[in-house]
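Chains as they are written, first to last, in the numbering used here: chain A, 395 to 658; chain B, 500 to 732.
Backbone N, C-alpha and C define an ideal beta-carbon position, used for all residues, glycine too.
Okay, so here's the structure we're looking at.
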Amino acid sequence: MQSVRVLKAVEDLRKSLLAYPLWLSLGWQDIRQRYRRSALGPFWITLSLGVTVVMMGVLYAKLFRQDVRSYLPYLATGMVVWSLISTLINESATVFIQAEGIIKQIPMPFGVHVLRMIWRNVIILLHNMLVALAVMVFFGVNPGWKIFLFPFAILLIVINGYWVGILLGILGTRFRDIVQIVASIVQILFFLTPVMWTASSIRNKVWVIEYNPLYHVFNIARNGLLGGEVPVLSWGIVLLMTVLGWGLAFGFLVRYRARIAYWL
Amino acid sequence: MSVHIEAENVCVDFPIFNTPHRSLKKNLLRLATGGKISSEAGKGVTIRALDGIDLSVREGDRLGLTGHNGSGKSTLLRVLAGVYEPTGGSLVVRGRIASLLDISIGMDFEASGLENIYFRGLLMGLSRPTIRSKIDEITEFSELGDYIEMPVRTYSSGMVMRLAFSISTSVEADILLMDEWLSVGDSDFVKKAEDRLKNLIDKTPILVMATHSEEILKEVCNKVVQLEGGRLV
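What follows is the structure, encoded as structure tokens:
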């Protein structure tokens with residue numbers, strides 16, 4: 395019985411990946427649906443983030459007494475990564491609830507719904523990247539060869555997004571409060587993670603920073619865009635998080651995969 | 500391996516979550532309080548939608564499911580489709596399944612008819628090249644003409660159904676699942692649609708259809724089972 399369940403979970407993940415024409419198209423459809431009939435289309439994503447970054451950048455550079463030339467690129471890259479991570483986590487909790495119509499009518503591997511959500515957010519990231527790149531070019535930031543590390547950092551974030559999607563998706567379907575809880579936690583994480591502020595600006599190292607896995611995720615992603623020394627420890631921690639998270643989420647998938655349709 | 504469906508003692512229990520059950524807070528509080536009443540409540544309420552279903556469907560069978568509302572017809576169809584895995588018993592389904600349970604699922608009303616053919620096709624498990632090869636035939640059958648390039652929201656409801664019907668019935672499979680006989684469009688189209696559906700059924704090794712209509716049962720099905728309260732009678 396248990397081995398059948400494990401096998402079915404593995405099959406689910408394998409078939410989900412193979413169904414890429416489906417989730418690629420569904421993810422695109424989500425974006426297009428959101429921006430259909432608007433003149434700028436998905437570039438509204440770029441524009442709204444651009445405005446936010448410039449306004450916040452100028453204001454907070456003054457507040458934190460920082461040089462705009464170094465602070466704005468720091469904030470822009472941080473916001474781009476944050477908007478990816480925060481929507482990935484938030485939408486994870488409703489990933490199966492959103493797909494209720496399809497799940498109840500057409501049998502398909504559950505991973506498809508998570509991959510659709512991830513792909514949709516990767517498309518948004520690509521639009522947001524324009525802001526980060528524009529700021530980097532404007533202020534002459536040159537990360538050097540480390541730019542080649544950036545895609546790997548994003549890949550790791552996405553792979554982590556997959557297990558978060560499975561785990562929170564299952565929990566959120568069973569316990570509808572999870573959606574609200576996750577939203578509050580993400581809100582708090584925004585302030586605990588060096589998105590707007592720099593870790594170096596805090597004189598005494600605070601444990602919340604170093605034990606916050608997102609701190610390390612930001613380290614590896616920012617390093618790819620802003621350059622500097624490669625944060626080997628952060629890469630290690632994020633890799634470890636990926637392995638542990640997948641272990642946990644896989645366990646959930648094995649145990650509860652067949653229940654998802656019943657909980658909807 | 501030939502196409503077949505083999506169900507043995509299949510049971511399906513739906514958990515019924517009232518609000519207290521769905522909430523994590525309530526579950527945590529229950530941990531803290533304990534006591535007899537709460538542990539009673541902890542078991543939750545389930546509804547047995549299907550109870551000990553034994554079914555054997557072979558190639559050439561046209562199985563009709565009858566029964567009152569809520570007797571489990573639709574649930575059984577969804578179990579056969581693979582949406583719900585049985586909570587008890589064993590079920591073996593061999594063959595590619597095409598489900599005509601809800602033919603308009605996945606329709607995007609802002610997208611054009613043409614795009615919707617792709618969406619729906621992908622949802623039904625077709626590859627892009629296969630869909631491309633079917634586009635002309637689907638467009639022609641639906642009689643939408645140039646409207647196929649227009650957003651579906653500009654269609655009349657009859658046109659939407661014609662498109663949905665044309666797409667769904669263009670897929671060939673080994674097992675066809677239907678909830679009620681599909682009938683769409685105005686009188687001319689109804690006749691055309693009926694021929695197409697019959698044609699599709701003729702090509703399909705197994706049909707399982709839920710219906711209330713005696714007429715259709717007589718005309719289409721060669722086997723009939725009746726469900727009552729989730730049991731076969």
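query                                                                                                                 : result
Cβ shell of A/Ala455 (< 6 Å), same chain only, five flanking positions each side left out                             : Val462 and Tyr465
A/Lys409 to A/Lys498 span [Cα, whole Å]                                                                               : 18 Å
is_contact[B/Gly594, chain E] using C-beta, thresh 7 Å                                                                : No chain E appears in this structure, whose protein chains are A and B.
Nonlocal neighbours in the same chain, by C-beta distance under 6 Å from B/Asn508, ignoring five residues either side : Gly551 and Gly588
Candidates B/Phe513, B/Ser501, B/Ala692 and B/Pro585, of which the one nearest B/Ile666 by Cα                         : B/Ala692
A/Ala655 to B/Glu614 span [Cα, whole Å]                                                                               : 28 Å
CA nearest to the CA of B/Thr638, picked from B/Ala663, B/Lys690, B/Leu527 and B/Leu599                               : B/Ala663
Min CB distance A/Gln460 to chain B below 7 Å                                                                         : no
Alpha-carbon spacing of A/Glu623 relative to A/His610, whole angstroms                                                : 14 Å
Nearest-angstrom Cβ-Cβ length linking A/Asp424 and A/Arg570, presumed shorter than 8 Å                                : Not a contact, Cβ separation roughly 22 Å.
A/Tyr414 burial status per 10 Å Cβ neighbour count (16 or more: buried)                                               : exposed
B/Glu539 versus B/Pro514 - alpha carbon distance                                                                      : With a pLDDT of only 44 at B/Glu539, under 50, the local geometry of the prediction cannot be trusted, and the value read off the model is given with reservation. Roughly 15 Å separates the two Cα atoms.
Simplified DSSP assignment, three categories, for B/Leu726                                                            : strand
Rounded Cβ spacing between A/Gly621 and A/Asn522 (contact assumed at less than 8 Å)                                   : Not a contact, Cβ separation roughly 20 Å.
Min CB distance B/Ile604 to chain A below 7 Å                                                                         : yes
Beta-carbon gap between B/Val592 and B/Glu558 smaller than 7 Å                                                        : no
Residues sharing a beta bridge with B/Val591, DSSP                                                                    : B/Glu505
Straight-line Cα distance separating B/Met708 from B/Asp678                                                           : 6 Å
Closer than 7 Å to chain B by CB, A/Leu416                                                                            : yes
Whole-Å CB distance - B/Ser603 paired with B/Val659, under 8 Å assumed                                                : 7 Å
Buried versus exposed, by CB contacts within 10 Å (16 or more), A/Arg649                                              : exposed
Cβ-based neighbour list, A/Trp640, same chain, cut-off 6 Å, excluding 5 preceding and 5 following                     : Trp557
Contact list for A/Gly505 against chain B, beta-carbon separation under 8 Å                                           : Near A/Gly505 there are no residues of chain B at all, since even the closest Cβ is about 15 Å away, more than 8 Å.
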